[in-house]
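Under my numbering, the first residue of the sequence shown carries the number 912, and numbering increases by one thereafter.
The beta-carbon is built from N, C-alpha and C at its ideal position, and this holds for glycine as well.
Remember, it's a predicted structure, so these values are computed and weren't measured experimentally.
Working notes, structure below.
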Amino acid sequence: MAALNISNSNTQTAETQAGINPSMATQMLKDGNARFTSGNPFNRDLHQQVKDTATGQYPFAAVVSCIDSRIPTEVIFDQGIGDIFNARVAGNFVNEDILGSLEFACKLAGSKVIVVMGHTSCGAVKGACDHAKLGNLTQMLDKIMPAVDGTSTNEGEERNSSNTDFVNRVAQKNVELTIEDIKAKSPVLKEMLDNGEIDIVGAMYDVKSGAVSFN
């Protein structure tokens, strides 16, 4: 039963969620993005899914992504109501609140994979590269600075938002560092990862094509 439901547009149930392992969960997201980019999304009855999930939710994945309006996570992964948890913040980093949310998603609600997803032409990353200062934005961008500092450049290469390739490499580095932060700062998730109960993977979304590449 579970094996049938994970590949179609049915609402996730306790039974189908239990039949999904971490690698299957990642593949479901990859398959969904392939449907999205090819223009062949599932035809879901979202109103019915509202009713189906009214008394419980069984998402198979949790996604940490940017608030960027061009990246509606359920849409680009072609998922329905009740399929994935979303934690969105400019620059897709983690803090105590997001880590707690991910612990809830995986330990208590049964999600099998955490995807940390950056994207090309990220405004937050550009701001960090330019050392932008503006109210609360300043301290937020400081959280991305380790990725800026950890991204190398060739001699004479610009290290600011005018260098699109540098910006995108910083975004990729930020994904990698965020995954390291999750493992280092959440013993709960690290234990689940070590036990094979979940996976934690990185991804990048291309704002020009709509395609997601997994690391």
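When the Cα atoms are used, what is the spatial distance from residue i to residue j?
| i | j | result |
| --- | --- | --- |
| Met912 | Gly1021 | Note that Met912 has pLDDT 33, beneath the 50 cutoff, so the model's placement of it is unreliable and no number is given. |
| Val1086 | Ala1114 | 7 Å |
| Leu1052 | Ser1012 | 21 Å |
| Gly1061 | Val1081 | 8 Å |
| Asn1126 | His1030 | 13 Å |
| Glu1068 | Gln1083 | 18 Å |
| Phe1004 | Val1027 | 8 Å |
| Ser949 | Ile987 | 11 Å |
| Glu1056 | Cys977 | Inspection of the sequence shows that residue 1056 is occupied by Met rather than by Glu. If I take the Cα positions, the gap works out to 16 Å. |
| Thr924 | Asn1065 | 51 Å |
| Cys1017 | Lys1101 | 11 Å |
| Ala1039 | Val1059 | 7 Å |
| Thr1089 | Asn921 | 32 Å |
| Ser1124 | Glu1108 | 23 Å |
| Gln968 | Val1118 | 30 Å |
| Met935 | Lys962 | 26 Å |
So what does DSSP say about residue i, is it helix, strand or coil?
| i | result |
| --- | --- |
| Gly1034 | helix |
| Gly1061 | coil |
| Val1118 | coil |
| Glu926 | helix |
| Asp1110 | strand |
| Glu1066 | coil |
| Leu1045 | coil |
| Lys1023 | coil |
| Asp979 | coil |
Considering only their Cβ atoms, is the gap separating residue j from residue i smaller than 8 Å?
| i | j | result |
| --- | --- | --- |
| Pro970 | Asp1110 | no |
| Leu1010 | Ser1097 | yes |
| Leu940 | Gly991 | no |
| Ser1032 | Val1099 | no |
| Thr964 | Gly993 | yes |
| Gly1002 | Val974 | no |
| Phe953 | Asn919 | yes |
| Gly1121 | Phe1015 | no |
| Asp1041 | Asn1006 | no |
| Lys1044 | Ala972 | no |
| Ile1093 | Ile1025 | yes |
| Asp989 | Gly943 | yes |
| Val1112 | Thr984 | no |
Within the continuous alpha helix (DSSP H) that includes residue i, where are the two ends?
| i | result |
| --- | --- |
| Phe947 | 933-949 |
| Ser976 | Looking at the DSSP string, Ser976 is not in any alpha helix (DSSP H); the run it does join, the beta strand (DSSP E), is 972-976. |
| Phe1125 | Careful: Phe1125 lies outside any alpha helix (DSSP H), inside the beta strand (DSSP E) at 1123-1125. |
| Arg1080 | 1075-1096 |
| Gly1011 | 1007-1014 |
| Asp1053 | 1048-1053 |
| Gln959 | 957-963 |
| Ile987 | 984-987 |
Starting from residue i, trace the beta strand (DSSP E) in both directions and tell me its first and last residue.
| i | result |
| --- | --- |
| Arg999 | 995-999 |
With which residues is residue i paired in a DSSP beta bridge?
| i | result |
| --- | --- |
| Met1028 | Ala1114 |
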